[in-house]
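For the sequence shown, the positions run 350 to 639 when the working numbering is used.
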Amino acid sequence: MTEKAATIQRIAILAHPQIPEAVPEAATIAAFLQEYGLHVSHGLLNDQIIRRQVETKRCDVVIALGGDGTMLRAGHMCGPNGVPILGINMGRFGFLMEIQQNQWRETLPRLLSGDFWIENRMMLCAERSRAGEMLGSWDIVNEAVVSRGSFVRPVHLETSVDGRFLTTYVADGLIASTPTGSTAYALAVGGPILPPELRTILLVPIAPHLSIDRAIVFAEGSSVSIVVHTAHQAVLSIDGQLPIELVDGDCVKVFASHHSLKFIRFQDPGYFYRNLTPHMNQNPSTGNSR
Numbered sequence: 350m351t352e353k354a355a356t357i358q359r360i361a362i363l364a365h366p367q368i369p370e371a372v373p374e375a376a377t378i379a380a381f382l383q384e385y386g387l388h389v390s391h392g393l394l395n396d397q398i399i400r401r402q403v404e405t406k407r408c409d410v411v412i413a414l415g416g417d418g419t420m421l422r423a424g425h426m427c428g429p430n431g432v433p434i435l436g437i438n439m440g441r442f443g444f445l446m447e448i449q450q451n452q453w454r455e456t457l458p459r460l461l462s463g464d465f466w467i468e469n470r471m472m473l474c475a476e477r478s479r480a481g482e483m484l485g486s487w488d489i490v491n492e493a494v495v496s497r498g499s500f501v502r503p504v505h506l507e508t509s510v511d512g513r514f515l516t517t518y519v520a521d522g523l524i525a526s527t528p529t530g531s532t533a534y535a536l537a538v539g540g541p542i543l544p545p546e547l548r549t550i551l552l553v554p555i556a557p558h559l560s561i562d563r564a565i566v567f568a569e570g571s572s573v574s575i576v577v578h579t580a581h582q583a584v585l586s587i588d589g590q591l592p593i594e595l596v597d598g599d600c601v602k603v604f605a606s607h608h609s610l611k612f613i614r615f616q617d618p619g620y621f622y623r624n625l626t627p628h629m630n631q632n633p634s635t636g637n638s639r
């Protein structure tokens, strides 16, 4: 689903702290935008002032400088607050990014003139509970992963959909993914590539042993519950963040979030398929791209 462009007056620029050139580039972009009379702030991804601006709706657009991980972290901040994100690629892969570092001077005037569209992408919500008590809740851009910890032993994952028993996976883990996440971890373990405009939940097992070994796609209104059965360590990881330890009997419930992630796009809506093959064949992180 797309939205029409809105008037831009206040912009925040977030730079990845581990990309040295991102910080000075953010300052350069801020100076460029200030010449147009805009209110511009810039800082690192964990900048609390900018976070408060986003949370209090005092920001129209966030420009994220980095790679796909930067977009995930910006998405956790901006998605629940309805703030669109423009990604400028300064990382290695940049599958989620919209423009390259050397393109922003020619592209940002299009942003200011309203020559863009908003792409809405589905987010998920994960809830962790123990003995019926809620222990935490998270918004998801890519995926929630319930998996074994440091012990190289499978876990038993009793999985239900809409309160109905589906199966018990004996596996290294189970991925519950958005369509956006279908090109991330889910793809790496053999899951299908889903178009970003879909609103579905993708379930993909990781190294299943004598269990269902195929991905399953559920409708947006579905709710997936995963109960962990293990005598050793198990963990929950949200979008690749630090793992959260789980114990035997813990339940992770995944369902569609009320929020959508908003990406600013200048390319036509067919960009996903046009860019898919080059990204798949020339992953720069391998060093084999030509």
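All residues carry an ideal CB built from backbone N, CA and C; glycine is no exception.
| Item | Value |
| --- | --- |
| Pair within 9 angstroms by beta-carbon distance, E447 and G436 | yes |
| Three-state secondary structure (DSSP) of S638 | In this prediction, S638 has a pLDDT of 47, which is less than 50 and means its spatial position is unreliable; nothing more can be read from the coordinates. |
| Buried versus exposed call for M482 [16 or more other C-beta atoms within 10 Å across all chains shown] | According to the sequence provided, residue 482 is Glu. The question's Met does not apply to it. Exposed. |
| Residues near S399 in its chain [Cβ-Cβ closer than 7 angstroms; skip 5 each side] | Note that residue 399 is Ile in the sequence shown, not Ser. Contacts found: A361, L363, S390, G392. |
| Residues of its chain near T356, where Cβ-Cβ distance is below 8 angstroms and the 5 sequence neighbours each way are ignored | D409, G463 |
| One or two residues paired with P554 in a DSSP bridge | L523 |
| According to DSSP, residues forming a beta bridge with S572 | F604 |
| Spatial distance of G589 from Q402 (CA atoms) | 25 angstroms |
| Under 9 angstroms between C-beta atoms of T517 and S574 | no |
| Complete beta strand (DSSP E) runs within the segment 441-502 (minimum length 3 residues, chain order) | 466-479, 482-489, 492-497 |
| Buried or exposed (CB count within 10 angstroms, at least 16 for buried), G619 | exposed |
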